[in-house]
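Sequence lines, in order, name chains A and B. So the first sequence is numbered by the working numbering: it starts at 135 and just counts up by one. So the second sequence is numbered by the working numbering: it starts at 135 and just counts up by one.
Protein chains: 2
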Amino acid sequence: MTTMPNWLKQRAFLTPERTAVRDGERAKTFAELYEASASWARRLAAAGVREGDIVAVLMKNRIEMIEIVHALFLLGARALLQNVRLTPYELGWQLDDSGACLVIADDGLADRFGGDGRVVTIGALAALLEADVPLKETVELDETATIMYTSGTTGTPKGVLQTYGNHWWSAVGSALNLGLHEGDCWLAAVPLFHISGLSIAMRSVIYGMPMYIQPSFDPKEANGLIMGGQVTIMSVVAAMLQRMVAELGEARYPDTFRCMLLGGGPAPQPLLEACKEKGIPVYQTYGMTETSSQIVTLAPEYSLTKLGSAGKPLFPAELCIMQDGKQAAPYEAGEIVVKGPNVTKGYLHRPEATERALRDGWFYTGDIGYVDEEGFLYVLDRRSDLIISGGENVYPAEIEAVLLSHPDVEEAGVTGVEDETWGQVPYAFVKRKQGAAADEDELKQFCRQRLAKYKVPARIYFIDALPRNAAQKLLRRELKTLIPEAEKRASRL
Amino acid sequence: MTTMPNWLKQRAFLTPERTAVRDGERAKTFAELYEASASWARRLAAAGVREGDIVAVLMKNRIEMIEIVHALFLLGARALLQNVRLTPYELGWQLDDSGACLVIADDGLADRFGGDGRVVTIGALAALLEADVPLKETVELDETATIMYTSGTTGTPKGVLQTYGNHWWSAVGSALNLGLHEGDCWLAAVPLFHISGLSIAMRSVIYGMPMYIQPSFDPKEANGLIMGGQVTIMSVVAAMLQRMVAELGEARYPDTFRCMLLGGGPAPQPLLEACKEKGIPVYQTYGMTETSSQIVTLAPEYSLTKLGSAGKPLFPAELCIMQDGKQAAPYEAGEIVVKGPNVTKGYLHRPEATERALRDGWFYTGDIGYVDEEGFLYVLDRRSDLIISGGENVYPAEIEAVLLSHPDVEEAGVTGVEDETWGQVPYAFVKRKQGAAADEDELKQFCRQRLAKYKVPARIYFIDALPRNAAQKLLRRELKTLIPEAEKRASRL
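Here it is in structure tokens:
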């Protein structure tokens with residue numbers, strides 16, 4: 135199976151009247167979504183887009199963004215999805231690196247590209263006359279559908295190629311694990327330009343399932359949609375879930391809500407336990423841009439007994455832990471290595487990086503984890519965040535989890551700072567709860583009781599907000615910029 | 135994606151403790167099912183089975199039959215599934231035609247093969263010591279997994295090749311249409327040696343869903359399982375459903391029962407209407423051995439408004455109606471032609487038949503139907519059953535539906551009989567309800583009011599039972615043998 139009918143066109147044929155997407159104000163059926171996408175496609179053709187072109191998309195979460203992505207599919211063009219939080223420099227760098235021939239931007243975002251002649255705003259596109267071009271009726275599973283830039287473990291952004299097959303198998307693997315109910319509606323409060331959000335849009339057409347788009351994450355509104363039974367599944371990262379749980383107070387979600395899919399990095403144990411107490415059906419999951427979202431997810435029956443685990447691979451994907459070139463034993467930490475039809479075929483224009491990451495069909499994630507004796511994955515950390523102190527491996531997430539279990543701590547981030555004696559030492563950054571007063575000494579004392587000496591943060595700073603990306607994922611690398619200058623000088627002595 | 139982990143092994147790894155299969159007395163988890171299958175595989179290896187071998191299986195519906203099929207998969211052998219109702223001559227013919235090297239038979243069925251040295255009974259197999267052989271950890275999607283003989287439209291049995299990919303995509307397409315619930319359990323009361331039953335076993339391991347096996351169809355027990363919430367989905371043909379509806383009386387199924395998948399030929403309208411009245415969630419479906427079960431199924435939201443339609447193709451399969459080498463217009467009857475990853479790659483040792491049936495990736499089913507303006511399929515008849523009378527096409531199912539709508543008629547079958555004037559004329563065979571007394575004249579009069587003159591049966595015979603195969607499908611070709619000898623002579627005059 136290498137060729138399939140175009141998903142949206144086929145879906146519009148199979149279940150035309152089903153709701154495809156809604157936001158707070160509008161709703162569109164699959165038939166309407168297809169008509170709108172086909173219309174954009176003919177306008178994009180008028181703007182010069184041809185099969186095989188790379189077209190950048192800089193749009194916020196809204197129905198038109200989904201239409202533009204499908205419109206590009208209908209032309210056989212590849213959608214480069216750009217993060218709306220990037221600086222003009224970073225955006226321009228991606229255009230140059232990818233060789234994008236055009237940029238479709240929200241009217242309010244076009245100025246990010248300066249006067250770049252490749253930029254066409256949605257408003258300008260809507261004003262074009264439709265070109266009379268044939269639209270593609272099929273998709274080739276091996277062809278690149280979308281491209282997303284990610285820094286991965288190296289720091290230099292690389293364009294991850296996501297094929298139609300990657301998206302298809304990701305959606306199928308998720309359905310086989312989480313099930314698929316007639317009344318399902320998936321809430322996309324995560325950005326559509328990230329794989330966490332885009333994969334919801336792909337599932338929507340493949341399943342024939344409505345999705346609900348939040349323009350930006352709003353915990354109160356999200357809770358309201360869940361309480362009202364309007365959404366049954368939601369994708370979140372820990373920071374989002376934390377805010378929703380706080381906003382929820384003593385209330386409990388109704389039975390209609392069946393899955394809180396929690397990705398974006400290791401989750402703090404206290405949060406998982408709070409959700410367990412409140413009966414929130416949290417499914418921890420592990421995945422990344424290179425695996426077109428989830429590749430490992432905890433199955434329903436283990437959500438309570440395997441708290442903290444990301445689960446097992448989605449059918450038919452596979453997983454192993456590699457340590458020094460050998461498969462690690464249970465409980466032995468090592469690099470998480472995955473395989474499956476939802477894994478990227480590589481990086482745009484980066485044959486060497488592709489070869490490094492993909493070996494014998496296995497993708498080396500650069501992340502650290504272990505499996506228990508039953509094969510459940512526990513993600514320890516992103517490899518790039520690994521702190522090596524005096525020859526010992528120190529995982530920031532472990533320290534953060536301890537800090538988060540202190541009653542005064544609301545958020546915590548840990549990173550490694552250079553140290554002449556130990557190579558690196560962990561530094562912690564903490565946001566205290568309102569009115570809480572624990573000071574550095576008290577928290578260090580708290581850590582010393584719970585962690586080996588080398589894991590106790592050398593310094594703990596109190597800050598108002600932790601650096602997070604648009605998907606609310608903690609950016610540990612940026613923590614260092616928060617260290618006061620005087621301290622930096624001191625630590626170098 | 136051409137290679138996957140072996141489904142049962144992977145499922146036993148992912149959800150070992152989930153129930154895989156139960157009958158009235160026993161239940162096995164996926165871990166237990168895998169262990170049992172692996173053990174049979176090592177015994178089969180001891181009996182001489184090697185990768186690539188064709189091994190016939192003649193077994194009745196029971197857990198061991200599923201284990202044997204998986205055991206053959208674990209050796210890379212192909213399972214030729216034989217119908218337990220066949221005569222010794224027919225069974226032997228299949229062995230010779232296929233080149234099967236071994237037959238695994240239920241202890242009570244081994245005598246069907248006379249003294250054939252290739253036959254190993256389950257009892258004898260169980261007594262063998264396990265050979266120390268490596269078991270296959272993967273399946274190749276393009277490889278043949280199972281073979282089933284079918285007469286199709288030509289009358290000569292042909293072995294249909296079903297690949298792992300065919301089974302996989304069939305299961306996925308079904309899940310995307312019918313959904314997949316955590317509490318699902320699929321009742322297999324249809325034979326496992328037919329694709330209708332085997333496909334349930336394939337879905338079971340791919341979904342991680344329990345199945346419930348009935349050794350043979352029992353309407354009372356089936357109703358009991360549904361009423362008790364033990365099964366949520368069931369595959370039936372019209373004759374089975376008719377008996378279940380009669381047995382059900384005034385009772386109604388609980389909400390836990392979510393799908394009565396009705397295949398095996400066009401369904402009589404009165405039955406569909408009775409189910410509609412009783413709130414039985416009937417999903418009409420169309421499929422065959424060559425499509426590894428369902429390929430067209432009515433989606434949930436159309437089950438009432440499109441009563442009588444088999445629905446639209448399962449994602450990502452496709453369908454069209456061909457008439458005289460051209461695609462037919464809506465409502466124009468023609469040959470049903472299908473395409474998709476669940477379609478067979480052809481017939482065993484029959485290159486010409488394969489070429490005739492598979493053209494440009496499309497499979498010509500030989501069945502007759504039409505689509506409405508929205509693309510919903512209505513199956514009129516199996517081409518081989520088509521009666522051509524005075525140049526007019528007469529579809530037996532249409533006449534049967536009229537007869538079945540008469541209050542005295544329980545079952546009806548129609549076939550064409552040679553006639554010197556008209557070429558063919560329809561003859562009807564009717565089983566009356568207990569105590570009912572309508573005679574031939576009354577039923578003919580009833581038909582005349584509802585059918586064009588050329589469609590009214592020339593003769594109507596009253597019989598005690600209609601000829602059906604093991605899957606309860608009406609065997610119209612055999613109806614002719616029920617015509618009294620004196621009548622045959624008369625009709626030839």
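Note that CB positions come from ideal geometry on N, CA and C, so glycine has one too. Predicted, not measured: the structure shown is a model, and the values here were computed from it.
With a threshold of 9 Å between beta carbons, is B:T715 in contact with chain A?
The requested residue 715 of chain B is not part of the displayed model; chain B covers only 135 to 627.
Compare the C-beta of A:P150 with all C-beta atoms of chain B and state if any pair is closer than 9 Å.
Stepping through the first sequence from its first residue, residue 150 of chain A is reached at position 16. Closer than 9 Å to some Cβ of chain B, the Cβ of A:P150 qualifies, so yes.
Nearest-angstrom Cα separation, counted from B:A322 out to B:K440
In the second sequence, counting from the first residue as 1, residue 440 of chain B sits at position 306. In the second sequence, counting from the first residue as 1, residue 322 of chain B sits at position 188. Taking the straight line from one Cα to the other gives about 26 Å.
Using C-beta distances below 6 Å, list every residue in its chain close to A:G331, excluding the 5 sequence neighbours before and after it, in chain order.
By one-based count along the first sequence, residue 331 of chain A stands at place 197. Excluding positions up to five away in sequence, the list reads A322, V324 and P325.
Classify B:E545: buried if its beta carbon has 16 or more other beta carbons within 10 angstroms, exposed otherwise.
On the second sequence, residue 545 of chain B is found 411 positions in, with the first residue counted as 1. B:E545 should be labelled buried.
6 Å CB neighbourhood of B:V548 in its chain, flanking five on each side removed:
For the purposes of this step, residue 548 of chain B is taken as the residue at position 414 of the second sequence. P530, I533, E534, P560 and A562, listed in sequence order.
Under the criterion of a Cβ to heavy atom distance below 8 Å, does B:I256 qualify as lining the ligand MN?
Absent from the structure shown: the ligand MN. Ligands present: none.
Could you give the first and the last residue of the continuous beta strand (DSSP E) run that contains B:M199?
By one-based count along the second sequence, residue 199 of chain B stands at place 65. Element bounds for B:M199: not the beta strand (DSSP E) but the alpha helix (DSSP H), I197 to L209.
Verify the CB distance criterion: does A:E169 have a CB-CB separation below 9 Å to chain B?
Counted from its first residue, the first sequence places residue 169 of chain A at position 35. Not one chain B Cβ lies under 9 Å of A:E169.
If the cut-off is 7 Å on Cβ atoms, which residues from the region 303-323 of chain B count as contacting chain D, listed in chain order?
No chain D appears in this structure, whose protein chains are A and B.
Quick check: what's the CA-CA separation for B:F351 versus B:M374?
To locate residue 351 of chain B, count along the second sequence from 1; it is residue 217. To locate residue 374 of chain B, count along the second sequence from 1; it is residue 240. B:F351 and B:M374: Cα-Cα distance of roughly 8 Å.
With H, G and I counted as helix, E and B as strand and the rest as coil, what does DSSP make of B:K162?
Numbered from its first residue, the second sequence carries residue 162 of chain B at position 28. The answer is strand: DSSP assigns B:K162 an E or B state.
If the criterion is Cβ atoms closer than 9 Å, does the pair A:M368 and A:A385 meet it?
Here residue 368 of chain A corresponds to residue number 234 of the first sequence, with the count starting at 1. Here residue 385 of chain A corresponds to residue number 251 of the first sequence, with the count starting at 1. Not closer than 9 Å, so no.
Hey, how far is the Cα of B:T297 from the Cα of B:A213?
Stepping through the second sequence from its first residue, residue 297 of chain B is reached at position 163. Stepping through the second sequence from its first residue, residue 213 of chain B is reached at position 79. So the alpha carbons of these two residues sit roughly 11 Å apart.
Using 8 Å for Cβ pairs, my map puts B:K143 next to B:E271. What's the rounded Cβ distance?
For this step, residue 143 of chain B is matched to residue 9 along the second sequence. For this step, residue 271 of chain B is matched to residue 137 along the second sequence. Indeed, because the Cβ distance is near 6 Å, the residues count as touching under 8 Å.
Would you report the Cα separation of A:D231 and A:A487, rounded to the nearest angstrom?
Taking the first sequence and counting its residues from 1, the one referred to as residue 231 of chain A is at position 97. Taking the first sequence and counting its residues from 1, the one referred to as residue 487 of chain A is at position 353. Approximately 14 Å between the Cα atoms of the pair.
Could you tell me which residues DSSP puts in a beta bridge with B:L295?
Numbered from its first residue, the second sequence carries residue 295 of chain B at position 161. Paired residues: B:I281.
Taking Cβ positions only, does B:I340 come closer than 9 Å to chain A?
Working through the second sequence from its first residue, we reach residue 340 of chain B at position 206. By this cut-off, B:I340 is an interface position.
Can you tell me whether B:A605 is buried or exposed, with buried defined as 16 or more other CB within 10 angstroms of its CB?
As a working mapping, residue 605 of chain B is identified with position 471 in the second sequence. Its Cβ being crowded by 16 or more others within 10 Å, B:A605 is buried.
Give the secondary structure of A:L215 by DSSP, where H, G and I count as helix, E and B as strand, and everything else as coil.
In the first sequence, residue 215 of chain A corresponds to position 81, counting from 1. Here A:L215 sits in strand by DSSP.
To the nearest angstrom, how far is the alpha carbon of A:V528 from that of A:D519?
Residue numbering aside, residue 528 of chain A sits at position 394 when the first sequence is read from its first letter. Residue numbering aside, residue 519 of chain A sits at position 385 when the first sequence is read from its first letter. Distance between the alpha carbons of A:V528 and A:D519: 9 Å.
Do you know offhand how far A:M138's Cα is from B:L263's?
Residue 138 of chain A sits at position 4 when you count from the first residue of the first sequence. Residue 263 of chain B sits at position 129 when you count from the first residue of the second sequence. C-alpha separation (whole angstroms): 47 Å.
Anything in chain A within Cβ reach of B:F164, meaning under 7 Å, just list it in chain order.
Your numbering for residue 164 of chain B matches position 30 in the second sequence. Within 7 Å Cβ-Cβ: nothing; B:F164 doesn't reach chain A, min ~12 Å.
Counting C-beta neighbours from all protein chains within 10 Å, is the total for A:Q568 16 or more, i.e. buried, or is it exposed?
If you number the first sequence from 1, residue 568 of chain A lands on position 434. That one is exposed.
Residues near A:R184 in its chain [Cβ-Cβ closer than 6 Å; skip 5 each side]
Reading the first sequence from its first residue, position 50 is the one you call residue 184 of chain A. Correct list: empty, nothing qualifies.
In angstroms, rounded to a whole number, what distance separates the CA positions of A:I200 and B:P475?
In the first sequence, residue 200 of chain A corresponds to position 66, counting from 1. In the second sequence, residue 475 of chain B corresponds to position 341, counting from 1. Between A:I200 and B:P475, the C-alpha separation is close to 28 Å.
For the beta strand (DSSP E) that A:T478 lies in, which residues bound it at each end?
Here residue 478 of chain A is taken as the residue at index 344 of the first sequence, counted from 1. Element bounds for A:T478: n/a, residue is neither H nor E.
What does a CB cutoff of less than 7 Å around A:Y588 pick up in its chain, not counting 5 residues either side in sequence?
Start at 1 with the first residue of the first sequence, and residue 588 of chain A comes out as number 454. Contacts found: S523, G524, E526 and V528.
At which residues does the beta strand (DSSP E) containing B:A154 begin and terminate?
Translated into positions along the second sequence, residue 154 of chain B becomes position 20. It spans T153 to R156 - the beta strand (DSSP E) in which B:A154 sits, taken as one unbroken run.
With DSSP as the reference, label A:K567 as helix, strand or coil.
Here residue 567 of chain A is taken as the residue at index 433 of the first sequence, counted from 1. Residue state, collapsed to three classes: coil.
Alpha carbon to alpha carbon, how far is A:A154 from B:G342?
By 1-based counting over the first sequence, the position of residue 154 of chain A is 20. By 1-based counting over the second sequence, the position of residue 342 of chain B is 208. Rounded to whole angstroms, A:A154 to B:G342 spans 28 Å at the Cα level.
Positions along the region 443-469 of chain B whose CB lies within less than 7 Å of some CB in chain A
K446, F449, P450 and E452
Considering just the uninterrupted stretch of the beta strand (DSSP E) at A:Y387, what are its terminal residues?
Locating residue 387 of chain A in the first sequence gives position 253, counting from the first residue. No beta strand (DSSP E) holds A:Y387; DSSP gives it neither H nor E.
Please list the partners that A:M138 has in chain B, where partner means a Cβ-to-Cβ separation under 8 Å.
By 1-based counting over the first sequence, the position of residue 138 of chain A is 4. Here the neighbours are P450.
Would you call A:L438 buried or exposed, if buried means 16 or more other Cβ atoms sit within 10 Å of its Cβ?
As a position in the first sequence, residue 438 of chain A is number 304, starting the count at 1. Its Cβ having fewer than 16 others within 10 Å, A:L438 is exposed.
What residues from chain A crowd round B:G509, counting only those whose CB sits closer than 7 Å?
Here residue 509 of chain B corresponds to residue number 375 of the second sequence, with the count starting at 1. In chain order: F147.
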